[in-house]
Amino acid sequence: MGSEAPSPAVGELSADDTRVWDGNQWEALWLLRSEIADAALACFGHVVNALPTFMTEGLMNQSWRVESRDGTYVLRVSRSELSQKRVAYEHAVLGLLRHEVREVVPPLPGVNGETLQIWQGQALSLFPYVHGVLGTKVEASIRWQQAAATLARIHRTGTNLTVGSAADVRTAVDQPTMWSTVRPVLRQDLPCTTEVGELFRYLDDEAAELEAWLANLRASGRPLRRGVVHGDFNPRNQIFDRDQLVAVIDWESCHVDVLAYEAALAIQAPDPAAFWHTYLEAGGPLAAGDIDLLGGFARVGTLAELQFTTDRGGRTTPWAIDTLRAVADDLRALRERTAELGL
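107 is the number that full-length UniProt numbering gives to position 107 of the sequence shown; each next residue is one higher, with no gaps.
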């Protein structure tokens, strides 16, 4: 018997350069490598002088590193479910944030002066290429301290932006948890095994408790500071150079939300109290007493990962049960963590 062929690496292109492996399945490239150079020239006026390189990070979109005599850039092809209005909103937020937050990398204008370009039906954005490594490769103690200070500046500046909110995004306080959204589809599609039943019961209980917590929070009239948030502020979207945080990337999920919802990532830090102290000292607009919100919002954010149990067509993904297991495990760990912290 021959040995099985090794699985492709995440971000690896197929032999014919038409598909990319996303870790679970082959996804068609929205623009082929041979088309990227044409797009760079037609939309942004750059003559590509080397073979474009597919970037293996951030596979929610498809991005290519392109070289020209003018410099090195990242040409991003946005996923189809992001409307042109949504991408334009992201660009507007970046254009305003960049004046106060040095780690923000704004998109560059195309030949017509607009940052959003449409080519062959695809929404394109061009960014300067930032040299460095992802935050996942940086020592946690270094990464978290700088992330806290940068997040504080983003939140402080984001409370004063005049771009409003993305029309298709509601705040974490004003909507049901993600479990309520995906549960009917999963119940219909997943097998009725003992494990699936136990996962459903556990997530039902977690979601019910959190939705009651959110309802009480709304009814209390407690002021909840709102502003622009990144929407996916994790180490994979942070670039470090010589242990310095130099860029925060992938802002397509940015929107106006309750700031404590994003600040709740402090729970994941090696020392949450130190993260919170750094955030406040760096000018974060939340009050010291808002620390009591972090545990609940961290659990709401964990439930949001359930979005990956359904595909773009609204059907259950082949890896849905794995995601349910992971989310349930993370929720249990968060309960233990918040209990240890007294939150």
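Where a beta carbon is used, it is the ideal one built from N, C-alpha and C, also for glycine. Computed from a prediction, not measured in an experiment: that's the story for all the values here.
Test item: CB-CB of residue i and residue j under 7 Å
i    : j    : result
S68  : V93  : no
L82  : E336 : no
A42  : L75  : no
A148 : Y279 : yes
P107 : S78  : no
L199 : T157 : no
G113 : F44  : no
L29  : V20  : yes
R242 : T136 : no
T309 : V182 : yes
R33  : D17  : yes
A273 : W144 : no
H155 : L259 : yes
E206 : L343 : no
Collapsed DSSP secondary structure at residue i in the structure displayed
i           : result
T150        : helix
Q117        : strand
E206        : helix
A28         : strand
T177        : coil
G289        : helix
G71         : strand
T159        : coil
R325        : helix
W64         : strand
residue 383 : With the chain covering only 1 through 343, there is no way to say anything about residue 383.
W319        : coil
A304        : helix
S34         : helix
V10         : coil
Cβ-Cβ separation, residue j to residue i (assumed contact under 8 Å), whole Å
i    : j    : result
V173 : L224 : 6 Å
A152 : G283 : 5 Å
V327 : L306 : 6 Å
P90  : C254 : Checking the displayed sequence, the identity of residue 90 turns out to be Glu instead of Pro. At roughly 6 Å, the Cβ-Cβ gap stays under 8 Å, so E90 and C254 are in contact.
R315 : V185 : 7 Å
V256 : G227 : 6 Å
* To do: With a floor of 4 residues, list each alpha helix (DSSP H) that falls wholly inside the segment 210–276, ordered by position along the chain.
  => Counting only runs of at least 4 residues, the segment 210–276 fully encloses the following alpha helix (DSSP H) elements, listed from N- to C-terminal order: 259–263.
* Cβ contact (3+ pairs, closer than 8 Å) linking the segment 283–299 and the segment 246–266 -> Yes, they touch.
* To do: Kindly confirm or deny that the segment 5–15 and the segment 54–66 touch, where touching means at least three C-beta pairs closer than 8 Å.
  => Verdict: yes, contact present.
* Taking three-plus beta-carbon pairs below 8 Å as touching, is the segment 214–228 in contact with the segment 128–135? -> No contact exists between the segment 214–228 and the segment 128–135.
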